[in-house]
Amino acid sequence: MITKHFPFFLAAFEEQSFHKAADRLHIAQSALSRRIGDLEMELGVSLFERRARGVHPTPAGRSLAQDVRRVLADLDQIIRRTRRVADGGLGLLRISFTEGMVRRPVLPAAIRRFRTEWPDVDLRFAPMVSEQQREKLRQGELEVGFVFEEGGDREEFELREVGMHNFVLVLPLDHPLIHAPVIRLSDLVKEKFIWPSRTISPRLFNRMLAICQQQSFTPDIVVEVSSVDVAYSLVAAGMGVALVITSHPGRDPTDVALRRIEDYNVPMPLSMIWRRYNPSPLLANFVRSVEEAQAETGEPRDFERRPAAPVPMAQSAGAY
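First residue of the sequence shown: 4, per this note's numbering; consecutive thereafter.
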């Protein structure tokens, strides 16, 4: 509580007059004198020599004035920093995403917007597959994830949809089906499939397989991979065909061909998720930046009320 006396002491030190210091602080001189007296009593030293024409600081008073100025400056910084943390203007925000998310315009736009408004927030980014992001969120090692939405996400996490994807078939350039007018699962019964890794993405693995089995089709899975880029390379090498998640048009693969499968329609919402009941103002500010970026880039916000868009025959999402 000793610090409550500091502004009064410093005013008296600088004015070298209790009368002038009291006028400066808009208090009675008697009140100021009591404050200085209480401070001297708590410290057990005299801070001023009382003279007829004012006061003169003692050596102890001059030493204290140096420390008081430093303490008050530090206190002011502490107050400002505390308020900035409370406003979400300072701190650490850890964000993860599938590789395909960075190729959508909404995430770069949201990051630019957030950095402009909150330049002192430390943003940390880490690309990783959806299942790993969920686990990191559960463990408190991430604040925000951008994942391919799966069943249960809406019950476990807060969620905002930021994109919609579907699957396309990846074929080597010399495959006879490239020029087929329509491709169905039944056309692929003799094909060997490159599939998302069951270990890394178990829910996606099972979901894709279940859709096939609903069509009485069981794919011959010969290789499981962790990323679309690996799937591309293996298809180009002639090891089989693959199903990959599509994204917005961009850098088209040149050594493979992408085709739609007519009876394999698996819409995959891409969603921003975070732990429920997280009161972080940093997080709230980032969520708002994403929502504003969606409006800025024209990205739809609510895919539940929209029909599934046609699958773009272009860039893959990059990772499962």
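Think of the CB as a built atom: it goes at the ideal place given N, C-alpha and C, for glycine as much as any other residue.
- Setting aside the 5 residues that flank it on each side, D41 is surrounded in the same chain by H8, each with a C-beta closer than 7 Å to its C-beta; the list follows chain order.
- Approximately 11 Å separates the beta-carbon atoms of L50 and F11; this is outside 8 Å, ruling out the contact.
- Ranking Q217, I181, E152 by CA distance to the CA of P270 puts E152 first.
- Annotation: the continuous beta strand (DSSP E) that includes A245 extends over 244 to 248.
- Residue G57 holds the alpha-carbon nearest to the alpha-carbon of Q19 among G57, L28, V48, G47.
- One thing to note: E265 has its Cβ no nearer than 8 Å to the Cβ of I181.
- By alpha-carbon distance to Q135, the top candidate from D125, F149, D123 is F149.
- Counting only residues of its own chain and dropping the five nearest sequence neighbours on each side, D125 has a CB closer than 6 Å to the CB of L95.
- Closest in alpha carbon position to L285, among V165, G166, P122, is P122.
- Looking from the CA of E295, the closest CA among N169, A63, A112, H22 belongs to A112.
- Within a 10 Å sphere around the beta-carbon of E146 sit 16 or more other beta-carbons, which makes this residue buried.
- When rounded, the separation of the alpha-carbon atoms in I248 and R116 is 28 Å.
- The Cβ atoms of V244 and F196 lie closer than 8 Å to each other.
- In the structure shown, K195 falls within a strand segment according to DSSP collapsed to helix, strand and coil.
- Beta-bridge annotation (DSSP): M271 is paired with H168.
- Assigned with DSSP and collapsed to three states, S66 falls in helix.
- When the alpha-carbon of E102 is set against those of I39, V231, I276, the nearest one is in V231.
- Taking 8 Å as the cut-off, the Cβ atoms of V74 and T119 do not count as close.
- Note on P282: under 16 other CB atoms within 10 angstroms of its CB, so exposed under the neighbour-count rule.
- If you look at S99, you'll find it in the beta strand (DSSP E) that goes 94 to 100.
- Residue pairing for L140: DSSP places it in no beta bridge.
- The DSSP-derived three-state label of R210 is helix.
- Within the segment 29 to 73, the beta strand (DSSP E) runs of at least 3 residues that lie entirely inside it are, in chain order, 51 to 54, 57 to 60.
- Residue environment analysis places F289 among the buried positions, since at least 16 neighbouring C-beta atoms fall within 10 angstroms of its C-beta.
- Counting along the chain, no beta strand (DSSP E) covers F220, and no H or E run does either.
- In this structure, DSSP gives V132 a state outside helix and strand, which the three-state scheme calls coil.
- The shortest C-alpha to C-alpha distance from Y235 to any of A260, D223, T221 is the one to A260.
- Within 10 angstroms of the beta-carbon of R86 lie fewer than 16 other beta-carbons, which makes it exposed.
- In the same chain as L13, and ignoring 5 residues on each side of it, the C-beta atoms closer than 6 Å to its own belong to V71, in chain order.
- Distances from the alpha-carbon of L188 to those of F170, I82, E227, Y267 put Y267 closest.
- Taking a contact as a CB-CB distance under 8 Å, the pair V109 and V293 counts as one, their CB atoms being some 7 Å apart.
- Spatial neighbours of T300 in its own chain (CB-CB distance under 7 Å, excluding positions within 5 residues in sequence) are listed in chain order as P108, V109, A112.
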